[in-house]
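So the structure is just underneath, and the comments pick up after that.
8 protein chains.
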Amino acid sequence: MKELLQEFKDGRLELDQALERLRHLPYEDLGYAQVDHHRSIRVGFPEVIFGPGKTIEQIIGIASSLLEGSSNLLITRVNRATFEQVRGIAADAEYHESCGAISVRRDRAMRGRGVIAVVTAGTSDIAVADEASVTAEIMGNQVERIFDVGVAGIHRVLSRRQSLQSARVIICVAGMEGALPSVVGGLVSAPVIAVPTSVGYGASFNGVAALLGMLNSCASNVTVVNIDNGFGAGFVASLINRE
Amino acid sequence: MKELLQEFKDGRLELDQALERLRHLPYEDLGYAQVDHHRSIRVGFPEVIFGPGKTIEQIIGIASSLLEGSSNLLITRVNRATFEQVRGIAADAEYHESCGAISVRRDRAMRGRGVIAVVTAGTSDIAVADEASVTAEIMGNQVERIFDVGVAGIHRVLSRRQSLQSARVIICVAGMEGALPSVVGGLVSAPVIAVPTSVGYGASFNGVAALLGMLNSCASNVTVVNIDNGFGAGFVASLINRE
Amino acid sequence: MKELLQEFKDGRLELDQALERLRHLPYEDLGYAQVDHHRSIRVGFPEVIFGPGKTIEQIIGIASSLLEGSSNLLITRVNRATFEQVRGIAADAEYHESCGAISVRRDRAMRGRGVIAVVTAGTSDIAVADEASVTAEIMGNQVERIFDVGVAGIHRVLSRRQSLQSARVIICVAGMEGALPSVVGGLVSAPVIAVPTSVGYGASFNGVAALLGMLNSCASNVTVVNIDNGFGAGFVASLINRE
Amino acid sequence: MKELLQEFKDGRLELDQALERLRHLPYEDLGYAQVDHHRSIRVGFPEVIFGPGKTIEQIIGIASSLLEGSSNLLITRVNRATFEQVRGIAADAEYHESCGAISVRRDRAMRGRGVIAVVTAGTSDIAVADEASVTAEIMGNQVERIFDVGVAGIHRVLSRRQSLQSARVIICVAGMEGALPSVVGGLVSAPVIAVPTSVGYGASFNGVAALLGMLNSCASNVTVVNIDNGFGAGFVASLINRE
Amino acid sequence: MKELLQEFKDGRLELDQALERLRHLPYEDLGYAQVDHHRSIRVGFPEVIFGPGKTIEQIIGIASSLLEGSSNLLITRVNRATFEQVRGIAADAEYHESCGAISVRRDRAMRGRGVIAVVTAGTSDIAVADEASVTAEIMGNQVERIFDVGVAGIHRVLSRRQSLQSARVIICVAGMEGALPSVVGGLVSAPVIAVPTSVGYGASFNGVAALLGMLNSCASNVTVVNIDNGFGAGFVASLINRE
Amino acid sequence: MKELLQEFKDGRLELDQALERLRHLPYEDLGYAQVDHHRSIRVGFPEVIFGPGKTIEQIIGIASSLLEGSSNLLITRVNRATFEQVRGIAADAEYHESCGAISVRRDRAMRGRGVIAVVTAGTSDIAVADEASVTAEIMGNQVERIFDVGVAGIHRVLSRRQSLQSARVIICVAGMEGALPSVVGGLVSAPVIAVPTSVGYGASFNGVAALLGMLNSCASNVTVVNIDNGFGAGFVASLINRE
Amino acid sequence: MKELLQEFKDGRLELDQALERLRHLPYEDLGYAQVDHHRSIRVGFPEVIFGPGKTIEQIIGIASSLLEGSSNLLITRVNRATFEQVRGIAADAEYHESCGAISVRRDRAMRGRGVIAVVTAGTSDIAVADEASVTAEIMGNQVERIFDVGVAGIHRVLSRRQSLQSARVIICVAGMEGALPSVVGGLVSAPVIAVPTSVGYGASFNGVAALLGMLNSCASNVTVVNIDNGFGAGFVASLINRE
Amino acid sequence: MKELLQEFKDGRLELDQALERLRHLPYEDLGYAQVDHHRSIRVGFPEVIFGPGKTIEQIIGIASSLLEGSSNLLITRVNRATFEQVRGIAADAEYHESCGAISVRRDRAMRGRGVIAVVTAGTSDIAVADEASVTAEIMGNQVERIFDVGVAGIHRVLSRRQSLQSARVIICVAGMEGALPSVVGGLVSAPVIAVPTSVGYGASFNGVAALLGMLNSCASNVTVVNIDNGFGAGFVASLINRE
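As structure tokens, this is what we get:
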């Protein structure tokens, strides 16, 4: 674009020609500019590679390229073998066993204004909660983990009420009937991001029961992400928690 | 059967013939006997007419026949016009506006050993709860109604904990996410009968979300009936509450 | 609780008795305190009545009671007849025709830190968008409406990019394939609350296609509420937009 | 709480301070009290560990802790390898091969007032029935097993009518079309807990056909639990069978 | 075709030309021939007009044309207004109120070898059963109606065992859980055609529960038709009952 | 029963006692009689063992017992290892590789009056067709196999029209869109039993698309069995084909 | 953009400034250009208003604006009352009763290279076929209508084989089992656009059965549009038929 | 047919006999003729073997037979082991690893008039895109691959706008929310064939979310094929691209 303008100023290009070429300027340029612009808005955002459906080679290739930049890197849903390879190109990579995430955290600035509480109904939901926590942490947030406080033992969640009420955003992870976000949502005035999990059997339909429960929550402060989408919940919670 | 035995004893019937005829004795007789036997077991059970799909004439016809017996009568899901007609043959009939039930309660003996608590999550669930209550009452139970204690305001249900804990059976009626039975189930050691309602919109799918939530309840003491089936819940609760 | 403590201090109550009574202190008290506490946290929150399933009488009754307090009142999904009645008890009530909401806005303090953009894919989605806007406005937010910018004419949404990028929260309302939140989500770094609508026919299954599309959005900053739930989106957006 | 009261009586704490501290007394304490209270209500209830989604180490850890108490222990849906480990910490543990349950039954008091009949439609349903039976037995009930009496050979269930009619609660386990509970329900006046199983193929949809059949049962005394949820059925049946 | 052959024989057409013209002979002719051929096979089959989606004018038009032939005519799922018009062109038309069928039966030959039993689970299923019966009767069969013998009162169906066992084909009509065909199927060795009905509510999903139950029947002699498809059941039963 | 009658005749039993004992005569006896009676009706029916969910030991046990009788034996959906074991107790057992059926055919009487045509849309449907064929053959029918005549090459099915039209019953096996039964149904006047198969991918949903297509067939002579249920189709076809 | 370039050439704008402003040039300009560009590509395309969800006033408003341009106008799915109003602003508007479409066809140039055949399985599918035909005609195509050639009378479609084989694109409209596209697809080598309709009942699920059948078509030349989407089929067929 | 005509002309056959025999002339002949005719229309079409559900032996057998003809051969969805065998009978066979396709391309004539663009939303969609590309190429088309241009980074697709706008047909492959076809459809005036993929997790339901999104596309130029059906998309695109 710079050259084009220069050519125009130098008179090598007529007004009409310049207009025409600008009009047809491949979007790729605007696109790249948009990306750059985004980057400036998105300071502190991690680069993210969604692992499933990619070969180890592809992941290493993308990761190598991204690590040349200065930002943090998050790779989700990969196994330990992938981690061993990633460690080869980033010695400071960490593997989060429960959720299969790899994090390379070089920018350790805290960007969140408050605490993000990550709450689970049961112990089997912890893997998804960990994906959310790792995401929130690499995006510069303080995370408080509150696990196994399902609604069938209501005292468990009530006993953590103060932690919940002092959080700025709450991520609520639950399988089976997915009722926890409604109870938590009623206890706090912060936004609650509900994550249904595929934990359960029979009529849980791999998380559909929990998903529907959360979408129909009678608490007004609940929004929902896809089944098992801990990453998405952690990402949005981080956006909300930013200044 | 009596005549057959007499004929055999009198020699008018051979052993083989008697055996043959007994073998082929129409089930209708055994059937009637079975019905009678049931009647003796089922003292205090109401006769029940499920209204939908029947004409007023059919309902009046069946009701007239049943009212010749001495037991109570329950007609469900009919409109006031039907009630006006029923009142013509049973002056003591009562109409329960919210759920469209007609009750004729002549046997007023109490048969339940404890209280049946009927709990709703919201005010829109009350019609279904009323069908359950009317059913439980005509079957000789004391009913305690606890309405609008949905989980998004958890203090509401907690404040009724003592009523819940002293009930012998709990009927828990909820639409939307159907989370109430899990919370109530965790508070008590009595059986909880969960009734999903069609209250809600969008992804509630006319009660499917609540139904799935209840089937996947993490509370072990919860069983479920069909969407909006207040009658069934009241009926089973009454059976459980009997000595 | 105060009296109980006094009785104990005065010796009218033994330690064991006091412990026992405290242990069984009805949650209703703690509950009320919790409600009060919520109120103090929730300054500026409107009282909300969800209209469907309530009679005009019930709505008027609840509204009368709530209007004695000083806060704003929002009644959703009612018809004009209900509005006429509500106007009888609140002359300053406004009716929002497109979405059937009634608002009584007495506290007009602005509480949001930025602008909430409410975006629709088509003109038929505007009713749901209006419910979201009315909710956000009564909760003290500045709302920018951006309508009919569906993705099949991508220039429409791109031309509004600057408005979108300067919003602090975006509510994205779409029926049919529900693709708009993915495109919008990719253009901004703010949280996007996606509202599927029941607009469409055939395989849209009353909003299910849009709902699934939004839950599977490839944009990381998207969360989802129930089909047609403009109120919920407006509510959560307001929470996010608060300081 | 005791100390707090004593401090108050001794004058080391003002009334206001005492009130404040009681008001903010962490729910964890009330929670523990609630748990304790539950324990006293729940004498004879087993501790239960739901196996799926837990590592052997986690199961052993939880089991060790629970076995310090005096109550019975039930671990569901684990394999023999887990059992071998559990036997290391509880020599009296038993493994129920068909359903993968481990029971440690130290309190052998009978608590049920009558017999619980566990009925299956087919032989493939027996695993789920066994889970129900083991649960009912560890909770102190006498169980009568009646297997393979599906409705396509109606004489099979009719021939067991007397056993069925003398049971105080019936657990009815069926896959495929799930019709058995309707037939059994019509034969008895006891509550029938229907357990759909994932037995079947094609349009059985892993138990959905049976589940829907049971939810729509024309017998009024039927309630339903989740697909394959033998434990839940055994648990509720035990509650009903208690005094 | 006749003319073509004659032309060829007369030499007005070459072999190649004749071959070509035969090869390209519009299928319409073969088609008509096929229809004629069918007609000869299908002696005694009624002409059938499926009413829904056709205007009264269209129905009258088609009926007029068909009545010029000699066969019977069946019009399904129309209202009385349509019947009044049909009576104008066929004074001997009969209207079957319950199922909305019109029959014009001119060929009254009996073609079935045995009795077709039409059985319903409940009284609300009778409309569908009537459509099946009317169809079977107009196709020359003797029909035995056995109504309201649902499985929750198993004696009812058992008492009709002899009628069932002497039928040559059984049509079994049931809504709700759709269990009747399994029980009936087990009692007889004749083919059972199961017709699910949309009778029920909630999780019956307008007949889906019954449909799935019937498709998963554990009785080997059951086949299934579409929900409420009494006509199809009557038609196939008639084919089976033919010699 | 015989003894009871004798006791009564001998005066060792009063009329009332005899009546009472007959009334409570265990259904098991009537049951067995019913079974026997069935046996006499069901001459030529094979004993059938549905393999899935049974251990080899169970299958051998049941097979041993059944083989003591004189009838044919069919075991469905087992692997070759099971066959090897079965051959140990029945040297004349045959294994049908494609569908995993074992047949022991000792009664080789032909009982069908006509030919049963077994038609498939594709080659992948042949396994299910073979299950149907083996079943029909062991029940004494002549089977004509017509494979791979799917509707997208309509000439293939048309070229077999005469075979189809001369069959007395047609079994039509198809996956994917399941359209073949409609075309075949329109070509013949015999009953068509449609068997949807799980052949397909994506939106075939493991046979649901084919199942729905068949249930909605515009041909009036089509009934449907469960997905992949070749056995059921062969069984019913055999019943229809009997005299 | 022109002014910006001029400013830059005149030196009133620095290179960096010009670059920056070009980078942020509102997409609205590019957008409008894109629309214009489209218009030139899209000569002969009609303007289209999808009626449902719009008031008569909105439709008239949009139509008035569009009719100022020179192109054709199509309004879909509106009633006769709307047509009366539209006629007020466009005297040459035509109303297509069966499908509720209004067309204003001013550009009558033929743009299609061949014939578009619009085929239906039944008479009830004609409304959807008409929407497709009207769309194709207003886009300058010759349409051949072939109605009521469903596959259960295969000769009907075969007899129209030559018409089908000479069409350049085929639109195939069918409800119920939706089998027609597979048969037609096998007869021709042109692309077939399949339109499922909501014609049917019970397990047709308002067109889902037909939709699934078409998506699983074994003919390779079939693509599918939404249920009842005659407009979409006509539109795409027109694109294909263009040079 | 020739012989028949000759016999008739020679008088060895009467008119009636000739008519009769022509009437019953096996469709197999007409069928073969139809196939031949198709072949002539279908010059340049590949022979296609759909791999799944066929043994290697079957595939080799069919391939051997087809390769005797002169046309191209495409085998889809097989593994490398199958390819090794195929190479044994066709040394010029190529294996396309990503999608498991084998192509034998002997006729290399270009038949498409323009370029077919194959576009994917993500990298995981490339396997399906490759199946489409291989199909289009073997049918004589020039293919332009445009990968990983999903809508959440809208600049990516916009930057390829010129490629898209110059394509004569576009195949648009996307999983998850399936939004890409709507955006692409809005950018071009060519037909867009949308291919949903099973890429995604949770509420993507193995491609159902993408499928529904595409069926509900607000772009008028979009048609849809089955989930993961790259072959079908490539096939139809080739038909459209032919002259």
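Going down the list, the sequences are from chains A, B, C, D, E, F, G and H. For the first sequence, the positions run 1 to 243 when my numbering is used. For the second sequence, the positions run 1001 to 1243 when my numbering is used. For the third sequence, the positions run 2001 to 2243 when my numbering is used. For the fourth sequence, the positions run 3001 to 3243 when my numbering is used. For the fifth sequence, the positions run 4001 to 4243 when my numbering is used. For the sixth sequence, the positions run 5001 to 5243 when my numbering is used. For the seventh sequence, the positions run 6001 to 6243 when my numbering is used. For the eighth sequence, the positions run 7001 to 7243 when my numbering is used. Glycine included, C-beta positions come from ideal geometry on N, C-alpha and C.
Per the coordinates, the alpha-carbon of E7144 (chain H) lies some 11 Å from the alpha-carbon of V7169 (chain H). Sorting D:V3225, D:S3182, D:V3183 and D:C3218 by C-alpha distance to the C-alpha of V3128 (chain D) places D:V3225 at the top.
By DSSP's assignment, E1047 (chain B) forms a beta bridge with B:L1073. Distance check between L7067 (chain H) and each of H:V7086, H:R7111, H:G7051 and H:Y7201 places H:V7086 closest, using alpha-carbon atoms only.
In this structure T3197 (chain D) touches G3207 (chain D) by the C-beta definition: roughly 6 Å separates them, less than 8 Å. Rounded to whole angstroms, the separation of the alpha carbons of I154 (chain A) and S3204 (chain D) is 36 Å.
For G5053 (chain F) and A3209 (chain D), the gap between their C-alpha atoms comes out near 18 Å.
Not flagged as an interface residue toward chain A: N2141 (chain C), since no C-beta distance is shorter than 8 Å. With a 10 Å radius around the Cβ and a threshold of 16 neighbouring Cβ atoms, L7164 (chain H) comes out buried.
Among the residues of chain E, those whose CB is under 8 Å from the CB of F5235 (chain F) are S4220 and N4221, following chain order. Using a CB distance cut-off of 8 Å, L5211 (chain F) counts as an interface residue toward chain D. By the Cβ rule, the stretch 4173 to 4193 of chain E counts as touching the stretch 4220 to 4239 of chain E, because three or more pairs are nearer than 8 Å. For S6198 (chain G), the nearest beta carbon of chain F is not closer than 8 Å to its own beta carbon. By the Cβ neighbour-count rule, S238 (chain A) is buried, with 16 or more other Cβ atoms within 10 Å of its own. Taking CB atoms only, G5207 (chain F) has no neighbour in chain G less than 8 Å away. The stretch 3071 to 3080 of chain D and the stretch 3091 to 3102 of chain D touch, with no fewer than 3 CB-CB distances between them shorter than 8 Å. For V7183 (chain H), the uninterrupted alpha helix (DSSP H) run begins and ends at L7180 to L7187, by DSSP.
Secondary structure note for V119 (chain A): its beta strand (DSSP E) is the uninterrupted segment V115 to T120. Residue burial is scored here from C-beta neighbours: R2012 (chain C) has fewer than 16 other C-beta atoms within 10 angstroms and is therefore classed as exposed. At a Cβ-Cβ threshold of 8 Å, G230 (chain A) and A132 (chain A) count as neighbours. Contact between G5100 (chain F) and G5140 (chain F) is ruled out by a C-beta separation of about 22 Å, above the 8 Å threshold. Excluding its 5 nearest sequence neighbours in each direction, I1126 (chain B) has C-beta neighbours in its own chain below 7 Å: S1098, T1120 and F1147, listed in chain order.
DSSP, read as helix, strand or coil, puts A91 (chain A) in coil. In this chain, the beta strand (DSSP E) harbouring V5143 (chain F) covers Q5142 to I5146.
DSSP places A4109 (chain E) outside both helix and strand once states are collapsed to three, so it counts as coil. Only residues of its own chain outside the window of five on either side were considered, and among them none has a CB closer than 6 Å to the CB of D5010 (chain F). Residue environment analysis places S4217 (chain E) among the buried positions, since at least 16 neighbouring C-beta atoms fall within 10 angstroms of its C-beta.
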